[in-house]
Each structure stands twice: as structure tokens, then as C-alpha cells.
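In this text, residue positions in the first sequence follow our numbering: the first is 4, and each later residue adds one. No residue lacks a Cβ here, since even glycine has one placed at the ideal position from N, Cα and C. Nothing here was measured: the structure is a model prediction, and the numbers come from that model.
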Amino acid sequence: MDYLDGLNESQRQAVEHIDGPMMVIAGAGSGKTRVLTYRIAHLLRQGVDSFSILSLTFTNKAAKEMKERINSIVGGNESMNITMGTFHSVFARILRYNSDKLGYPSNFTIYDTQDSRSLIKTIVKEFGLDEKIYKPNAVQGRISSAKNNLISPASYEANAEIVGEDRMAKKPEIFRIYKEYAKRCFQAGAMDFDDLLYQTNVLLRDHPDVLHLYQQKFKYILVDEYQDTNYSQYLIVKKLAAVYENICVVGDDAQSIYSFRGANIENILNFKKDYPDFKMFKLEQNYRSTSNIVNAANSIIKRNKDQIQKDVWTSNTEGGKINIIRCLTDNEEGRVITNRIFDIKQNEGADYKDFAILYRTNAQSRSFEESLRKLNLPYKIYGGLSFYQRKEIKDLIAYFRLAANPKDEEALKRVINYPKRGIGKTSMDSVILTARQYDVSLWDVISDFNRYPVSISSGAKNKITQFVTKIQSYGAQMDSAPAYDLANNIAQSSGILKDLYDDKSPEGVTRYENIQELLAGIKEFSVQQEEKDEQGTLSDFLIDVALLTDADQEKEEDKNTITLMTIHASKGLEFPHVFIVGLEENLFPSQLSLTSRTELEEERRLFYVALTRAEKTCTLSYVVSRYRWGQLVTAEPSRFIDEVDKSFVNHENETRGRSGGRSLSGYQRPADDRTRGFGALGGGTKRKLKPMNQVSSTPSKSGGGTTDELKVGYNVEHDRFGKGKVTALVGKGSDQKATVFFPRVGQKTLILKFAKLTVVE
DNA sequence: AACAACGGGCTTTTT
DNA sequence: GCCCGTTGTT
4 MDYLDGLNES QRQAVEHIDG PMMVIAGAGS GKTRVLTYRI AHLLRQGVDS FSILSLTFTN
64 KAAKEMKERI NSIVGGNESM NITMGTFHSV FARILRYNSD KLGYPSNFTI YDTQDSRSLI
124 KTIVKEFGLD EKIYKPNAVQ GRISSAKNNL ISPASYEANA EIVGEDRMAK KPEIFRIYKE
184 YAKRCFQAGA MDFDDLLYQT NVLLRDHPDV LHLYQQKFKY ILVDEYQDTN YSQYLIVKKL
244 AAVYENICVV GDDAQSIYSF RGANIENILN FKKDYPDFKM FKLEQNYRST SNIVNAANSI
304 IKRNKDQIQK DVWTSNTEGG KINIIRCLTD NEEGRVITNR IFDIKQNEGA DYKDFAILYR
364 TNAQSRSFEE SLRKLNLPYK IYGGLSFYQR KEIKDLIAYF RLAANPKDEE ALKRVINYPK
424 RGIGKTSMDS VILTARQYDV SLWDVISDFN RYPVSISSGA KNKITQFVTK IQSYGAQMDS
484 APAYDLANNI AQSSGILKDL YDDKSPEGVT RYENIQELLA GIKEFSVQQE EKDEQGTLSD
544 FLIDVALLTD ADQEKEEDKN TITLMTIHAS KGLEFPHVFI VGLEENLFPS QLSLTSRTEL
604 EEERRLFYVA LTRAEKTCTL SYVVSRYRWG QLVTAEPSRF IDEVDKSFVN HENETRGRSG
664 GRSLSGYQRP ADDRTRGFGA LGGGTKRKLK PMNQVSSTPS KSGGGTTDEL KVGYNVEHDR
724 FGKGKVTALV GKGSDQKATV FFPRVGQKTL ILKFAKLTVV E
């Protein structure tokens, strides 16, 4: 059967267009990925060399899936030779290959967000600036947006408008921080995420031979999610496509939700200017959702002023209306939605994987997590702390990074005294001081004390030198030893493995297992690389790791679970049953997006994206009061609820199930009245009910308890360590100490004056 | 130098 | 309510 037969008319036209610039505007659920994959398959069928195709996707996972689908269409494994991946991962490799031309080591480090933030913080401190004014987050955002618009530190400083903005914001020194930040990154042989694109631009600008090479290599270029590219990405694509102009961009302006990280809808307009003879294809038939959902989504998005005219329609069945549920608190929201999922699953025989709970902010996942766990339903939370952001993983990876590139200061600071080897703050402060005096990296100083005198004890110097020797020996094996062997060797000889093995608390055991999992992952990586006839050293692995996202590494056991994620993370996915939760003013739309029309329109597009994830049913929920910053605050229903055309929604006025708090269940809800003033309900409902006695030797305000309340054998609870049993008591009065055994963390000796212990039954 | 307690800041969203 | 960095104690 011909693969073109499965396409509708406009899809087929887009797939069959081979040469010359083209743009595909694809409405939600209109088979965009299908067009992209089929088009690549078609190119291969028409004899285009697989090595000459560059395909830029939004996630690495999307790239992987697309390759598999292409193979299944054309047979064989031709897709292996296509350069396919995210902007960041594709150009990280190209940069690595050409790093010498930019003065970077080929093993350059990729700083993640935490690394850059930490460096910015250090600089702010060293400059003697106020951290409350120069908040690392804000400064980082400023630097990031400069880089995404290809503004160098020098042109930043010279740009009166930008510097003026900073001065207005009372942060006139940002240009200095940017300058120092760029210098220190370079000195450390490190690039941050934005550098991967920025430096690619520098490379293509300053090295015509390199530009020429890649222009010739990539004769066919495809860009997915074009509406979410920034200026820096736009320019890379434009330069690479300048000779052959075989460029195909695919996107949907209605789904542009990343302007906060520099994405620019103007790129779509620029495209029309850059390639006046481009061909435009519109995909308007939605195959995903019921007509109620499609029409509801249309009724939302038409309120936006900025958009390309299109008419998304579907021939699918009407389906049920969009349910709107009102709950009293966020905890009730968790229970009600969870019960609803359980019901649908029972009644319709749906799978767990058919459900998604989508929210605006990661912090909202908590209440759902709790109720899902209570009902014992399997779920997976995407986002939040990913595997590679866990402390123990970052620690071990920091060793790998140091071995590859000892100038990597963020990695060095992380592990020079972990596991503990007696290199304390005092010693490191002296080292840092010397490094700044000579304007060299920390590594330069600690690897050559003769040249850079540091005023610390010879004992400390000795310990540091031992550490340096260890790292050097790792470094020597970096490009020769098999990745897994070296990684395993480092995990053991660094002492990390032992340190975690000795920690018998459940958390410690998990950490130990995580390390084992990382090592297993490295093994798998090596095997995969061998299949591709590539060596697969540890430094190759590092590039992969830095750019992986949570969605990229899915495990088998995660397959049939309920999905919890932010709406941003849900982009490109689809689920039979979708729950969009927390539809309240100041949460969704976010408080911080209410200052301008463009920001509000982006929130509205976000809502549009959320709605269009749903295939069969879509349910919205909001609460009357919600815990935020640890306090119960009243909330108002989101304006977005009213913006959905009335004919597609069904307001469920009942709050389902019995609510947990006593004071709440006694409450009679007025007919259809969005009464405020529930803030008064605060406290009471959330406190633990168990009677507890405060144990304290210092006479407290209430004049309560004395130490003799505590006896050996008592069960107590500690804020951090949880429940435990007192095994010994030493001393009297304010000096009294208690030895307590905590099943979760082991034995601890606590000074009662400080430790907050409560006696439990 | 290491550990434990405390206080401040924070919530958009991510490669 | 949680995380992180700082402060204070041994």
C-alpha cells in the first residue's frame, strides 16, 4: 500500500512538496507529526541522501519516535543517518566538533540552570552587590534574553536602551555581571544552555568555511514547533538554509507558549520576508478530539487578537460537554478528580494511561499525588525534580565533568569536599582569593601551589593535592577507557558509593540505588553507541545527560500510569481523558501574566493547548480556597471558564463526595453564589489531630512542659527525622540531651534545648 | 570542621 | 509548605 494514501489532501500536498521554502501551519490535532515524518520518508524515497537531512524537534524523545516511524515506512535503518534532535543537542555536538575554533576545549562542560545561577550568585557576592536587588533568577533571565537575541556583553553595555532599562529597574550593574559571567564561563570551559545557540551563531558568523561545510551538508532542513523558536535559533536556521533554501517549518501560532524564554512569533512573519516565494500549507482538520472540544477550543482562541487566520474543524462525533467542577479546597479538588478518574476507569474500562491531570504550576501536583496514592492508583509526575537533578546523581556527574574538564568550577566546588575529605570552607576561601588575584581558574591554583601561593596549612594542601591527583588519573582515562568501567571506577574510588552505602536510612538506600541506576544507564549507553559503531566514552555520555529532559527517559513501568504534568510539558501529547485543574484567577492565568495583553494572550494560548490535548472528555476544575505559601487563600474562578462558549460546557454545581474538614462539611453552599470570605476557614482543618505534648526544658510562652516529661522508651516525633524512640537521656536542665532512634534515619543525639521533639502516643 | 536549627524567599512555564 | 543558605553550637 502506498504510504501517501493515508493522508488527506492538504497533508499530502505538504508531504509531496520537496524543493524550496515551505511553511506548514498545523492546527491542534491535525496530524502535524505525521506530515513531518511522511515528508522525510518521502524525501528518502525520492532519493535524497539521508546524511543531508537536518530535522530539529522539540524534544529528543520526539526525534527518537520519528526515526522509528520513518524506518517503519521506508524499511531498513536509513533514518539513523539523519541529523535529528533538539536545537540544543544537535548544535552541542557541532560545537564540540569545532570547539577549538572558538577557543573552548572539546570536552567543554554544559552548565545547567543551577550551575549558571550559582555562578551568578558568586559574582554578585564578589562585586559586593545586594543579593536582594540582584536576584540570581532575575539576573539570569536578563542575561539569557540577551544571549537569545545575540547581544554580546560588549554590545549590551553599549546599548543605551538596555542599560537604561536596567537603570530604571534599579539594577544598573547587570552589564558588569553579564561581562564577568561570560568571562568566567569561558575560563571554566563551560557553555550554558543559551550559549549552545549563541556560540553556534558565533561559529557560523566568524568561520565561513564551517558555515559553508554545513550549508552543503544539510541540503534539506525541517523545523518542528517553529512558533517556539527564538531569534538565535531563527538565525542559525536561516544561515544554514541560505544556499539551497530547502527549508520546511511547521508550527501553530495558536500554540506558541514559550515567549518567556525568548520564543518569537515574529519568526513566522520573518519567514515570509526571507522567502517571499514560499509555499504555505494549512492543516485544519482535527482528527484528535470530539467536536465539542474542538469548538470550545476555537471559541477560546478567537478572543486573541494576534493570530494567523485558520479554521480548525472536525468530522468527529460531538461527544460530551466540557464538565466544570467546583471544589472547596485544593485537597478536595485532589479527591474529587481522583474519584472521577476511578469511576471512568471502572465504567468504561479505560486504562490508567488514558488520563492526564494538567496544571499551570508544578506546585499543584501535591494534592493529586496524595489522593492518588490513597486510592492506590498508579501515576507518574513529569517535571519537578528529574532523575538527573537529584543530588547524588549530580554529585557523581560532577566527578565525570571534572575528569573531562578540570576547569569546570561549579563541578569542582560541588565535590572537592564530598565525600568529606577535610577540605573546608576556610581553605577554599583562600584558594578562591588566590585564583581571583592571579585571574586564573581554581584548578590552576590547586594543581600548582608552587606557582600560586595560597596561605593554608600544609595539611590542607596535602589533602587538596591528593584530590587533584585522583581527578587527574580519571582524566587520563577519559577518552580511552570504556564509559561504564571508568564511571564505575569513579563511583567507587571517589568514595561516593561507600558514603551512600553506609547511609542505611530509606533515603540513603534510594540514593544508592539511583547511583546504580545511573551506572546501568551508562552501560546501556555504551552498548547503544557500539551498535552505531561509535566509541561512546564518558564524555560523549555527558553531552547526552546535560540535555536530556524528564520526558526523554521513560521506563517500562511508567507506561500504564495516570499522567500528571504542567500544561507546558503536555505540548504535543494527547489523552482520551484530560483534567485541567486550578482554573482560578492569579493561578491560571498566572498573576505575573496580567500586566499586558500579549502576556494574557499567551496564557490563553496555554489554555488552548491544554484543551486540545483531550480526545474524548475534558474536565475543568477550580477551588474556592487554596493553600498557597502555606496559607489558605480565597480564589476566584478563572476568566477562562467564562470565555468558553456556553453551549459546550456543563457546570456541575455539586461538590462531590464528603469533604475532609469538619468545619467544611457543615457548610451549606448558597445556591449559585460565588461567595467570598472562606479565608476565615484557615487553620483548624489541616492540623494533625493527634494530641501532642510539647517537650521543652526552656520555659515556653505557654509555660508548658518540663524535661521530666521525657523518659527513656517514649515515642517522639521530630520535624525532619520523623517518629522515633528515646533510647537514652543524658544531662540535666538546659543541657539535657536525648539519644533517639529514628527508624527512618538511624540513631541521633539531640540537644533538647534546640530540637523540637513532641511526645506521641 | 561538622552538624543541627533557623529564617528567608518563593511559584510561572523549560532546553 | 518546602528548599536553601546562614548561623550557632560542639
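| If you draw a straight line from the alpha carbon of residue 481 to that of residue 406, how long is it in whole angstroms? | The alpha-carbon of residue 481 is positioned some 7 Å away from that of residue 406.
| Secondary structure at residue 259, three-state DSSP: helix, strand or coil? | Of the three classes helix, strand and coil, the one that applies to residue 259 here is coil, per DSSP.
| query | For residue 54, which of helix, strand or coil comes out of DSSP? | reply | helix
| field | Nearest-angstrom beta carbon gap, residue 319 and residue 293 [assumed within contact, 8 Å] | value | 5 Å
| said: Could you give the first and the last residue of the continuous beta strand (DSSP E) run that contains residue 231? | reply: From DSSP, residue 231 is part of no beta strand (DSSP E); its letter is neither H nor E.
| request: May I have the straight-line CA-CA distance separating residue 462 from residue 125, to the nearest angstrom? | output: 27 Å
| field | Distance CB(residue 6)-CB(residue 97) smaller than 8 Å | value | By the CB criterion at 8 Å, residue 6 and residue 97 fall outside the cutoff.
| request: Please report how far the alpha carbon of residue 153 lies from the alpha carbon of residue 234, in whole angstroms. | output: So the two alpha carbons sit approximately 8 Å from each other.
| request: Could you check the C-alpha separation between residue 654 and residue 622 for me, to the nearest Å? | output: Each residue's alpha carbon lies about 10 Å from the other.
| task | Pull up the distance between the alpha-carbon of residue 213 and that of residue 238, whole angstroms please. | result | 15 Å
| Three-state class that DSSP yields for residue 27 in the structure shown | Note: residue 27 maps to strand in three-state DSSP.
| field | C-beta contact flag for residue 74 and residue 206 at 8 Å | value | no
| said: Between residue 343 and residue 577, how many whole angstroms is the CB-CB distance? I'm expecting something under 8 Å. | reply: Rounded, the Cβ-Cβ distance is 19 Å, inconsistent with contact.
| request: Below 8 Å on the Cβ atoms is my guess for residue 95 versus residue 123; work out the distance and round it to an integer in Å. | output: Residue 95 to residue 123, Cβ: 22 Å. No contact.
| request: For residue 652, verify whether its CB is less than 7 Å away from any heavy atom of the ligand MG. | output: In the structure on display, the ligand MG does not appear, and there are no ligands present to speak of.
| message | Considering just the uninterrupted stretch of the alpha helix (DSSP H) at residue 75, what are its terminal residues? | response | Per DSSP, residue 75 belongs to the alpha helix (DSSP H) from 63–77.
| query | What is the DSSP secondary structure of residue 162, reduced to helix, strand or coil? | reply | coil
| said: Beta-carbon within less than 6 Å of residue 766's beta-carbon, same chain only, minus the 5 sequence neighbours each way: which residues are those? | reply: In the structure as shown, the chain starts at 4 and stops at 764, and residue 766 therefore has no counterpart that could be examined.
| query | So is residue 279 buried or exposed if we call it buried at 16+ other beta carbons inside 10 Å? | reply | exposed
| Should residue 136 go down as buried or exposed, given a rule of 16 or more other Cβ atoms within 10 Å for buried? | exposed
| request: Note down the Cα distance separating residue 611 from residue 374, rounded to an integer number of angstroms. | output: 27 Å
| By DSSP, does residue 1 sit in helix, in strand, or in coil? | Outside the shown range of the chain (4 to 764) lies residue 1, about which nothing can therefore be said.
| message | Just verifying my parser: in three-state terms, what is the DSSP assignment at residue 444? | response | coil
| said: By the DSSP assignment, the beta strand (DSSP E) with residue 307 in it spans what residues? | reply: Here residue 307 belongs to no beta strand (DSSP E), and DSSP marks it neither H nor E.
| query | Can you name the residues that DSSP bridges to residue 253? | reply | 27
| request: Could you tell me whether the region 298–318 touches the region 533–541, where touching means 3 or more Cβ pairs closer than 8 Å? | output: no
| Among the residues of its own chain, which have a CB less than 6 Å from the CB of residue 355, if the five just before and after it don't count? | 381, 563, 564, 565
| said: Tell me the residue span of the beta strand (DSSP E) that contains residue 389. | reply: Run containing residue 389: none; DSSP gives neither H nor E here.
| Exposed or buried, what is residue 647 when buried is set at 16 or more other beta-carbons lying within 10 Å of its beta-carbon? | buried
| message | Considering just the uninterrupted stretch of the alpha helix (DSSP H) at residue 509, what are its terminal residues? | response | 509–534
| query | Among residues of its own chain, excluding the 5 on either side of residue 549, which ones have a beta-carbon nearer than 7 Å to its beta-carbon? | reply | 113, 115
| query | For residue 325, does the three-state DSSP call read helix, strand or coil? | reply | strand
| query | For residue 517 versus residue 393, is the C-beta distance shorter than 8 Å? | reply | yes
| Which of the three DSSP states, helix, strand or coil, is assigned to residue 378? | Residue 378 carries a coil assignment under DSSP once its states are collapsed to helix, strand and coil.
| query | With 16 as the cutoff for other CB atoms within 10 Å, does residue 157 come out buried or exposed? | reply | exposed
| said: Does residue 169 come out as helix, strand or coil in the three-state DSSP assignment? | reply: helix
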